[in-house]
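In full-length UniProt numbering, the protein residues as written are 1 to 1028.
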């Protein structure tokens, strides 16, 4: 605070009887302050002031620092009347000239009239509108007292000052509530939160309903305790914060403020300055007492309770930082902006004022000329874009690293091996083509695969129940059969059209769909329907006469999901028959089902479902065998094995890394979403005009959706594991887990695709990417008409193949399938030539020949010609003036300069080493000297950084240089370069002679960073030759 100027008196010369108070408020966020010289002109009804330089370099005070309020008293010979505008600018000087100012308040001391000039803008070359001067009109009463304006100014000020944790970084320099006091209050709040959390935990208590968030295990009880503790600990620390925030300045500060009339300023604080000791005492006692009780509580806890307590403390902390403090600020600011319609006053700064003599117009700082401003703006914008690009690349690298870990960290080749192992146990299911072959396969393959665990020599397996036929995977729950049936429809449309057809066919089966599915609740054996189940007096009688395989169950009852077959999509319900726990029960169930015609002509599909667990890899597999029967008489048999990774990696070290990456990935997604929302708020509708913005939004939306799928999968997984542990012998379905896992994997795959595409955006400054972008932009106008002609020809071939070959060739059975096959042929797929020839010996070969000529030879080459012509045109236009190309040149210049500095620093270290370990001389090619040469002005900075290099790095740098001694790799005994530094032209060169006795060394003080090195002289050279 001592470095902030409290008040500056500005004299314009003469008899200055009229005064204006000028108060300028700077933004509170990072890099909002400026180091440039700020100048202002006031315009009134009776005239204007001369340019007034506000920055006083002769004072050791900070002007226009971040979050500061600088006040000035302007002395004028006469009044300039009511103000209507101001002109303010800076000269863009200093290390950080960018400036964001909120507002300027001017007060006429004679009339007590105030004018508000609302800035809320950047004065910077690379930010905002790119201008460093602005004319601002005085705000009217409606504008200055509008809700948006009051909310913005009060919100920024309150959030930066009242948010205790955030104010550690955004505290205004003139505020008397110091950072040390704020940090102490934060520590007191943290300790109070810890002890209030500890009070809610009892010794050895267990918390249920847990779920994992990365490496953190949470429960709703922990969240509830965290919220309660955060609220309980607030009143304890309100008094400490209130004391520190409302203490009056010290007596010395008040006495300094008495000069130049500051004693009449409004006083701040309501507690005397001595109360600061009370605040420190309360803060210290709260922290020590809370810490002591936390230690006492921890002595009674076990590991689990301690981890739960620590999680609740973290919840309370983030609740206070992210929830309570911001919500408090928003509510308070909203109410004040709605109720109190009064302009916001700037804070008073206490301290000794300073007087300035008559201002000299010669030292007034004016904005740079347009030519200079254009050059500086270009450089500033490029540097700003370079920093933005580097930041974007860093976030992108972090994002893609975490994404790769989340996608592939818990997925390995063991999943494929388990899938193949399951298929190897249950073989030849695809050969099932009838009801009889289905029952045969069930007895010969399914039952032995599920229950027969004898060894190859007939010896029994140690564990008779649970393991499947490969003796490695364990069965989870009971296997079951599930049947989907056609509804018996007496009103057959075919019979209505052709009545005589009923004489030859006794049944009419439509295509299977949700409307044609039989959902009759109860059947007797052999599918005799019961239309009125109320005839049974007792529930037991109904269940006895209608066994379970003949009762319909909905998908909610058996927790199954829809499955896509070859011809239809089958819902999750059906008629379910549990097979049993062992071989005898399974054979008895299968014999009973076959004997009572459980599968008959009205059967649409039969599912065989079970789940297995492989202990060595902690993998689950959800197995489904689907046997479909079509109304036309055909069949289809499909094996579907879905291997899932439910548990975290088994390696505890890698598990911690993987779960931490999961948590960081979630946090990074939330950060990117907040950043994108900020961009939309900043740019408005213009943000949606950029195609890359849409890709970014779709990427973030997909990432958020994948997180939602992850939490749903974890929820269903926890529920599934709990049910299996409760009753491991019941039939359980993993369809819900499979569904959400598939959705998560699909979304993550889409995210990986978009991230890979975004890489083109990240490296947009690459000349080849610029060339490609210009080529596509030029070719797009020709591609529109080309696409129309191309799609017309493709449509002609699609209709031809669908009509001519759709009855006989599978690839062309429908319009959509024919369209897909035609496009696949374009990228190299094999055409079904022999099948086409069998259908039509003339049209089939003619179609293939015509397609190859028109599409492959003509249209594809036309498309390549368009791209080639556009590429040539883009090369002729050139790329000069493109922002991305200028950025590429800047990166190359920075890299080249850094490389040259490294090489010169390497020479410096080698020369130092020569004096300690002399050896055989090495003759370098002339290209070495050119490679190590410097541009003017680069030498000093390179030499200053030379000591940071290691000798091994130097040897690696020189290993690729051709040398006269013929070694493939240079060693320390091989490298003795003789370097001469010419002080006149600052060039690096080398001198080598035939023998060591003739070697001469030249040294310069600019080569060495220490005084001992700079004392090397010609006598040292003589001594060195004598030793040799």
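Note that beta-carbon positions come from the ideal geometry of N, C-alpha and C, so glycine has one too.
Just so it is clear, the structure is predicted and the values come from calculations on it, not from any experiment.
Kindly say whether residue i, judged by its beta-carbon, lies nearer than 8 Å to any beta-carbon of chain B.
i	result
residue 286	This model lacks chain B altogether, as it is built from one protein chain only.
With a 10 Å radius around its C-beta and 16 neighbouring C-beta atoms as the bar for buried, classify residue i as buried or exposed.
i	result
residue 68	buried
residue 7	buried
residue 615	exposed
residue 888	buried
residue 440	exposed
residue 1057	With the chain represented from 1 up to 1028, any question about residue 1057 goes unanswered, as that position is not in the structure.
residue 801	buried
residue 574	buried
residue 335	exposed
residue 183	exposed
residue 1062	In this structure the chain extends from 1 to 1028, so residue 1062 is not present and cannot be described.
residue 604	buried
residue 706	buried
How is residue i classed by DSSP in three states: helix, strand or coil?
i	result
residue 835	helix
residue 11	strand
residue 650	coil
residue 615	coil
residue 39	strand
residue 1019	Low confidence applies to residue 1019: its pLDDT is 40, below 50, so where it sits in the model is not reliable, and the reading given next is rough at best. Three-state DSSP puts residue 1019 in a helix.
residue 44	strand
residue 424	helix
residue 121	strand
residue 890	helix
residue 671	helix
residue 578	strand
residue 826	helix
residue 17	coil
residue 1029	With the chain running from 1 to 1028 in the structure shown, residue 1029 is simply not present.
residue 181	helix
residue 476	strand
By how many angstroms is the C-alpha of residue j removed from the C-alpha of residue i?
i	j	result
residue 852	residue 772	29 Å
residue 245	residue 278	13 Å
residue 119	residue 305	54 Å
residue 20	residue 112	9 Å
residue 47	residue 281	57 Å
residue 241	residue 318	19 Å
residue 74	residue 34	22 Å
residue 273	residue 248	5 Å
residue 673	residue 661	18 Å
residue 652	residue 659	10 Å
residue 475	residue 668	39 Å
residue 751	residue 646	21 Å
residue 386	residue 890	8 Å
residue 486	residue 569	13 Å
residue 125	residue 782	39 Å
When the distance is taken between beta carbons, is residue j closer than 8 Å to residue i?
i	j	result
residue 312	residue 191	no
residue 158	residue 332	yes
residue 618	residue 642	no
residue 560	residue 735	yes
residue 558	residue 644	no
residue 755	residue 400	yes
residue 530	residue 522	yes
residue 63	residue 54	yes
residue 430	residue 484	no
residue 197	residue 316	yes
residue 837	residue 844	yes
residue 237	residue 188	yes
Assuming residue i contacts residue j (C-beta within less than 8 Å), just tell me the rounded distance between them.
i	j	result
residue 150	residue 337	4 Å
residue 774	residue 747	The Cβ separation is near 34 Å, so there is no contact.
residue 89	residue 24	Incorrect: roughly 13 Å between the Cβ atoms, too far for contact.
residue 128	residue 121	6 Å
residue 730	residue 478	6 Å
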